[in-house]
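One structure is given below, encoded as structure tokens.
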Ligand SMILES: [Zn+2]
């Protein structure tokens, strides 16, 4: 099966998916929900993604003035980096954010410093530019089970720690789907296998918590969702096999990290290699239909981020 990436596509239930063009195509998605002329945007991508959002709105006969809510699932910058610029353009919108994330979007100085610590200053500026603060008056903090009603369409917010403590997922009653952010792992549709989609957990720094993540996945599945809207990347029909694969990856990453506990030099590089080997081995077992080098290229960044996050977890563990 050949998968072709589209800049934006209209899905069912008034949902559109567009490519945030985060570094490259097909890495991070943004979702636009339209209900009787009112718009909600879930995930913002980075500042560089904002023109793509404008384009997608225009293509659908919509405008920034129709945007009522802007909702990053958590404040990692591939999800929330563009929130400040987008809020400036969407004058009537409120930002809905996890209570632990809200202070960092109102004053992004710590978020910037923390992200620079992961990526380095040069890469940070190239990827994210400058993070614009958001007026506190325009921020709504969504605690667990908070809900909004968008012209009859109910969205329910679920606190889902594990990938990050400032992470919620959003259940959309109309599509019976969940916008999963990073809680339900990453699965790139460009990678195909004889056994279907390949999925694995993301353990990005600095708050990875394997037990909390496993519990959050169970919570999502307890709603019997019909569709998962992944940020990385696109829609997926959840199944027992998918959940097993995802949970296995959490346990595998945890045990890779624990085995690296006593390594003093270059621990991240060691973990990164083991994570990559695990992923390539899984792909091999599942009958991957792309070459190993193609897959390595697609998952390289995730293997590094996972290793960095596992290293932080080990230090805390
Ligand atoms: Zn994240």
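In the numbering used here, the protein residues as written are 321 to 637.
Beta carbons: idealized from backbone N, C-alpha and C, even for Gly.
Asked	Found
By alpha-carbon positions, which one of 634, 536, 561 and 632 ends up nearest to residue 606?	561
Within 10 angstroms of its Cβ, does residue 388 collect 16 or more other Cβ (buried), or is it exposed?	buried
Apply the 10 Å Cβ neighbour rule to residue 371 and answer buried if 16 or more other Cβ atoms are within range, or exposed otherwise.	exposed
Can you list, in chain order, the residues of its chain with a C-beta nearer than 6 Å to that of residue 524? Leave out the 5 residues immediately preceding and following it.	625 and 629
If you draw a straight line from the C-alpha of residue 337 to the C-alpha of residue 358, how long is it?	16 Å
How far does the alpha helix (DSSP H) with residue 375 in it extend, from its first residue to its last?	370-379
Does the count of Cβ pairs from the region 511-518 and the region 448-463 closer than 8 Å reach three?	no
Would you check if the distance between the CB atom of residue 353 and the CB atom of residue 390 is smaller than 9 Å?	no
Do residue 631 and residue 580 come within 9 Å of each other at the CB atom, strictly closer than that value?	yes
With contact counted as at least three CB pairs below 8 Å, one residue from each stretch, are the region 478-493 and the region 539-549 in contact?	yes
Might you give, ordered along the chain, the residues of its own chain that have their beta carbon closer than 7 Å to the beta carbon of residue 356, omitting 5 neighbours on each side?	471
For residue 505, which option in 533, 512, 497 and 410 has the closest C-alpha, if you only look at C-alpha atoms?	533
My understanding is that residue 552 touches residue 347, with C-beta atoms under 8 Å, so please give their C-beta distance in whole angstroms.	6 Å
Mapping DSSP to helix, strand and coil, what is residue 404?	helix
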